[in-house]
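Visitor:
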Amino acid sequence: MRETTLSDIERVNMVVLLLGSILAAVIMREFKYFFSFAVGSSMMVLNFRFLRRIIQNVSLERAEFKKEMIIKLPLKFLVLVGLVSVVVIFGDISVAFFLVGLSTVFISIVMNQILHVFTPAEKRRQKDGA
Numbered sequence: 001m002r003e004t005t006l007s008d009i010e011r012v013n014m015v016v017l018l019l020g021s022i023l024a025a026v027i028m029r030e031f032k033y034f035f036s037f038a039v040g041s042s043m044m045v046l047n048f049r050f051l052r053r054i055i056q057n058v059s060l061e062r063a064e065f066k067k068e069m070i071i072k073l074p075l076k077f078l079v080l081v082g083l084v085s086v087v088v089i090f091g092d093i094s095v096a097f098f099l100v101g102l103s104t105v106f107i108s109i110v111m112n113q114i115l116h117v118f119t120p121a122e123k124r125r126q127k128d129g130a
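The sequence shown runs 1 to 130 under my numbering.
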């Protein structure tokens, strides 16, 4: 993906995190639901950011970065799985809200592509430099 698209997805993801957390707090009126959504969504925001940084370093086509990727990607995955496990096992959370929070990157990608489709073609051409 292009850099602007990744930045747009990250921006939309932050908006989804904030709006979802506010909605969970206002509608459910319990800290447990707000906390569950906010923790799941925050974990995915950080996961997306770290994954983006790892891929950007690999795209520089240097051999040492490719070696680092072999170590960093599995390590990042294991840390994420461990963090999810700790939160689910030891945290007082709502699993449903936590899972919805974990899916915010997917929601952000879909929303970004929907917004991209409804953007006029002239604006997209200017943005893409064509």
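Beta carbons: idealized from backbone N, C-alpha and C, even for Gly.
DSSP three-state label for residue 74, please.
Guide: On the sequence shown, position 74 is the one that residue 74 refers to. In the structure shown, residue 74 sits in a helix (DSSP, three-state: H, G or I).
Visitor: Between the region 30-47 and the region 98-115, can you find at least three pairs of beta-carbon atoms closer than 8 Å?
Guide: Segments in contact, yes.
Visitor: Going by beta-carbon coordinates alone, are residue 32 and residue 54 separated by less than 8 Å?
Guide: Residue 32 sits at position 32 when you count from the first residue of the sequence shown. Residue 54 sits at position 54 when you count from the first residue of the sequence shown. Not in contact: residue 32 and residue 54 (Cβ atoms no closer than 8 Å).
Visitor: Could you name the residues of the same chain whose beta carbon sits closer than 8 Å to that of residue 82, not counting the 5 residues immediately before and after it, in chain order?
Guide: In the sequence shown, the residue the question calls residue 82 occupies position 82. Within the same chain, residue 82 has no close Cβ partners at all.
Visitor: Let me confirm a value: residue 13 is counted as buried when at least 16 other C-beta atoms fall within 10 Å, else exposed. Which label applies?
Guide: As a working mapping, residue 13 is identified with position 13 in the sequence shown. Residue 13 comes out buried.
Visitor: For residue 24 and residue 98, which I take to be in contact (beta-carbon distance under 8 Å), what is that distance rounded to the nearest angstrom?
Guide: Taking the first residue of the sequence shown as 1, we reach residue 24 at position 24. Taking the first residue of the sequence shown as 1, we reach residue 98 at position 98. Actually they do not touch by this definition, with Cβ atoms about 11 Å apart.
Visitor: Whole angstroms is fine: what's the gap from residue 109's alpha carbon to residue 5's?
Guide: Numbered from its first residue, the sequence shown carries residue 109 at position 109. Numbered from its first residue, the sequence shown carries residue 5 at position 5. About 9 Å.
Visitor: Determine the DSSP secondary structure at residue 41, reduced to helix, strand or coil.
Guide: One-based indexing of the sequence shown puts residue 41 at position 41. The answer is helix: DSSP assigns residue 41 an H, G or I state.
Visitor: Buried or exposed: residue 9, going by 16 or more other Cβ atoms within 10 Å of its Cβ?
Guide: Here residue 9 is taken as the residue at index 9 of the sequence shown, counted from 1. Result: buried.
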